[in-house]
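Below you'll find the structure, written out as structure tokens, and then a few comments.
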Amino acid sequence: MAHRTRSPHALRERPARRSGAADLHVHTTHSDGVCSPCEVVVAAARVGLAALAITDHDTLSAIAIARPEARRLDLELVAGIELTAEREGREIHILGHFVRDDDPGLLAATSALRAARAHRLAAMAARLAELGLWVDLQALGRAFPRATLGRRHLADWLARTGQVAGPREAFIRYLGDAGPATVPKPRLPWEQAIALVRSAGGVAGLAHPPYDLREIALTTLAEAGLGSVEVAGPGITPRLGRRWRDWADRLALVPIAGSDFHANDRPGRWLGSIATPAADLERLRSRANGDS
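Once you know that position 21 of the sequence shown is 42 in this note's numbering, the rest is easy, because the numbers rise by one and skip nothing.
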């Protein structure tokens, strides 16, 4: 079973390490999180995690920054990523764990994705302008100098400049999936996303599977090289988690878990609130090392 903790405020004291638990799904300011790479490392150590995977969207840039702090705090830092992919017209996210963060192929692919996302951002800003709102893209870039900018940053901008009451309103009125200012996100073919992670020495995993995931679809992914699947995380009910763990057992996939941490204001998604047990982390590590 994945580890779950109730309190998001266990940051005042550093407790004993929680039996080797690892949060394998965490975001920083290098994608759409609000905490810096070093801040998430410090928080992970303070809540008693033994390991942490930084899995920013389509970028590896936070890993090198976080690594010295992780060494200082004796916390295992798992180099990770969350690739935006597509299968049968639907967006899926492929996690990579234990990847080489200097892998040329993965770096080239993520650089291309980020360039495409920059064009998407400009297109969404233009649509907002047509709706009577304004966005200063240069100022937005200065406000989030390392981030891969996206809808969350536009929503924050509209809130900070008083054009909406808050980011939630920005999504409801303009930037939601069916919103009038939304532009489709650039995506990798799912086969390519899995192959990129594997060629970088990592284990490819399916992040937050859709509620209607079918076993035959997971089988197809596994046959293409998927090595793990999230069975616990925000929005994953215990019933679905048990089902996906059973499928993982049948398909020899490693069951993993993580908080999908972005910010402290998201109930149930605090860093370390959902974590992978030590035994499953060791299985994931073995898979990355080429062991069966």
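Here a beta-carbon is modelled for each residue, glycine too, at the ideal position from N, C-alpha and C.
- Counting the other CB atoms within 10 Å of its CB gives residue 179 a total of 16 or more, which places it among the buried residues.
- Assignment of residue 45 by DSSP, reduced to helix, strand and coil, places it in the strand class.
- For residue 188, the three-state secondary structure derived from DSSP is helix.
- Contact annotation: residue 311 and residue 277 have beta-carbon atoms that are not nearer than 8 Å.
- Distance check between residue 49 and each of 182, 79, 268, 158 places 79 closest, using alpha-carbon atoms only.
- Looking from the CA of residue 248, the closest CA among 164, 127, 119 belongs to 119.
- Per DSSP, reduced to three states, the secondary structure at residue 125 is helical.
- In this chain, residue 262 is not harboured by any beta strand (DSSP E); it is covered by the alpha helix (DSSP H) spanning 259-272.
- Residue 104 is a Cβ neighbour of residue 117, given a cutoff of 8 Å.
- Following the DSSP letters along the chain, one finds residue 55 in no alpha helix (DSSP H), marked with neither H nor E.
- In the three-state scheme derived from DSSP, where H, G and I count as helix and E and B as strand, residue 229 is classed as coil.
- In this structure, residue 142 places its C-beta atom within 8 Å of the C-beta atom of residue 158.
- Under DSSP, residue 210 shares a beta bridge with 107.
- A straight line joining the alpha-carbon of residue 305 with that of residue 290 spans about 22 Å.
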